[in-house]
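Under numbering that gives the first Met the number 0, think of the first position of the sequence shown as 0, with each following residue one higher.
By construction, the Cβ of each residue, glycine as well, lies at the ideal position given by its N, Cα and C atoms.
These notes are about the structure you will find just below.
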Amino acid sequence: MAEQTTLDSLLEMGFDRNRAEKAVAHTGNQGIERAMDWLMEHEGDPDIDEPYLPPVGNVLGGTGTGGSDPQQPSPAAQPTAEGTDPATDGSDQMIHDGDTKQPMTEEEKREQIKRLEELMRVKQEERRERERAEEVDREKQRRRQGQELLQVKQKLQEDEMKKMVDLRQREKNDDKMAKQRVRDKIARDREERALKFGGSSSSTALTSPSAEGPPSSPTSQGPPPAKKDYNECRIQVRMLDGSALTSVFKAQEPLAAVRVYIQMNGNAPEGQDFTLLSPYPRRVYTELDMEKPLQELGLVPSAVLVVAKK
Numbered sequence: 000m001a002e003q004t005t006l007d008s009l010l011e012m013g014f015d016r017n018r019a020e021k022a023v024a025h026t027g028n029q030g031i032e033r034a035m036d037w038l039m040e041h042e043g044d045p046d047i048d049e050p051y052l053p054p055v056g057n058v059l060g061g062t063g064t065g066g067s068d069p070q071q072p073s074p075a076a077q078p079t080a081e082g083t084d085p086a087t088d089g090s091d092q093m094i095h096d097g098d099t100k101q102p103m104t105e106e107e108k109r110e111q112i113k114r115l116e117e118l119m120r121v122k123q124e125e126r127r128e129r130e131r132a133e134e135v136d137r138e139k140q141r142r143r144q145g146q147e148l149l150q151v152k153q154k155l156q157e158d159e160m161k162k163m164v165d166l167r168q169r170e171k172n173d174d175k176m177a178k179q180r181v182r183d184k185i186a187r188d189r190e191e192r193a194l195k196f197g198g199s200s201s202s203t204a205l206t207s208p209s210a211e212g213p214p215s216s217p218t219s220q221g222p223p224p225a226k227k228d229y230n231e232c233r234i235q236v237r238m239l240d241g242s243a244l245t246s247v248f249k250a251q252e253p254l255a256a257v258r259v260y261i262q263m264n265g266n267a268p269e270g271q272d273f274t275l276l277s278p279y280p281r282r283v284y285t286e287l288d289m290e291k292p293l294q295e296l297g298l299v300p301s302a303v304l305v306v307a308k309k
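Encoded structure:
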């Protein structure tokens, strides 16, 4: 009777019969609250609305013949405490049943349904609060992971920038040392020339400049003076939005160094591929040109490059 009462209460509250029967069966008929909890927890199951098939011998709301113990007699066949057969004393049995379980009135049913609906609202609100808390936790975890990824990205960019600065500093030091070696060689050459001509007569030394003859006029010179060897190159880059970037690079640096500088300091969208070209004379630089030094590409001592979409 308790199982049937729970089932009836669920049906009166508007639950589907399949769901109500499953809730009663799966909770072991432990009351309306347990059945409601089971329904709310499993309302999203894909098979929640499939027809409920009770096990053989287990009929909801009663005991089937297949599920009864053959060694134990049916309660209807057992004698009462006074040794009388219930079948022969039906009036006493009806009174006993009436004492233990009386039918609920309509008002009592409404009150019970009202209490159960209120309980269901409370449980649903608790579940919504729990889901909101879980969503907040997931959002916090997502933001924390995003911040960690951003920090890793910033760290990589800082390391890359530091490597570039160190490389530039080493190149500057190497260039400085090379210039110092050239100056030392020039000084040694002067000393050697001074020692070489130091043993000749003073008159010869004094007249030697004149013996060389008057300086020739510019028109009588043979080959033109050698082109100045520049060690640095000033590059101006025009971006897609009209802005400009200007920086100084080593003459022996590859064109790829200029592209890396644009990627690090330009305002182009991240991941957007682009190419470089010279406006006059017009030349579009290829991937092979990226490995060539700026001096070999004719960009020394200064040049203007334009960023173009691929």
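Per-residue burial, residue i [other beta carbons within 10 Å of its own, 16 or more giving buried]
{"i": "T5", "result": "buried"}
{"i": "F196", "result": "exposed"}
{"i": "L38", "result": "buried"}
{"i": "L186", "result": "Here the sequence assigns Ala to residue 186, which means Leu is not the residue at that position. When all chains shown are included, A186 counts as exposed."}
{"i": "L166", "result": "exposed"}
{"i": "E252", "result": "buried"}
{"i": "E134", "result": "exposed"}
{"i": "V181", "result": "exposed"}
{"i": "E190", "result": "exposed"}
{"i": "V151", "result": "exposed"}
{"i": "R127", "result": "exposed"}
{"i": "V299", "result": "buried"}
{"i": "V257", "result": "buried"}
{"i": "R109", "result": "exposed"}
{"i": "E20", "result": "buried"}
Own chain residues within Cβ distance below 8 Å of residue i, not counting five before or after
{"i": "M35", "result": "L9, A22, L115, L118, M119 and K122"}
{"i": "L276", "result": "R282, V283, Y284, L304, V305 and A307"}
{"i": "L244", "result": "Q235, V236, M238, Y260, I261, N264 and G265"}
Three-state secondary structure (DSSP) of residue i
{"i": "A310", "result": "What is shown of the chain runs 0 to 309, which leaves residue 310 out entirely."}
{"i": "I47", "result": "coil"}
{"i": "K249", "result": "strand"}
{"i": "A34", "result": "helix"}
{"i": "K178", "result": "helix"}
{"i": "A302", "result": "strand"}
{"i": "S8", "result": "helix"}
{"i": "Q294", "result": "coil"}
{"i": "K308", "result": "strand"}
{"i": "Q111", "result": "helix"}
{"i": "A267", "result": "coil"}
{"i": "E106", "result": "helix"}
{"i": "L276", "result": "strand"}
{"i": "E191", "result": "helix"}
{"i": "Q29", "result": "coil"}
Inter-residue CB distance, residue i and residue j (contact presumed, cutoff 8 Å)
{"i": "N266", "j": "A250", "result": "Not quite, the Cβ-Cβ distance comes to about 27 Å (not below 8 Å), so this is no contact."}
{"i": "L304", "j": "V236", "result": "5 Å"}
{"i": "A255", "j": "E290", "result": "7 Å"}
{"i": "P53", "j": "A24", "result": "6 Å"}
{"i": "I112", "j": "E32", "result": "With 8 Å as the limit, I112 and E32 do not qualify as a contact, their Cβ atoms being about 14 Å apart."}
{"i": "N17", "j": "D44", "result": "So it is not a contact: roughly 12 Å between Cβ atoms."}
{"i": "R192", "j": "S301", "result": "Not quite, the Cβ-Cβ distance comes to about 37 Å (not below 8 Å), so this is no contact."}
Residue-level contact to chain C via CB, residue i, 7 Å cutoff
{"i": "R282", "result": "The question asks about chain C, but that chain is absent: this structure has only one protein chain."}
Cutoff 7 Å; reference residue i; Cβ partners in own chain excluding five residues on either side
{"i": "P278", "result": "V303 and V305"}
Beta-carbon proximity list for residue i, same chain, < 6 Å, skipping 5 on both sides
{"i": "D272", "result": "K309"}
Every unbroken alpha helix (DSSP H) inside the stretch 116-183 [4 residues or more] = none
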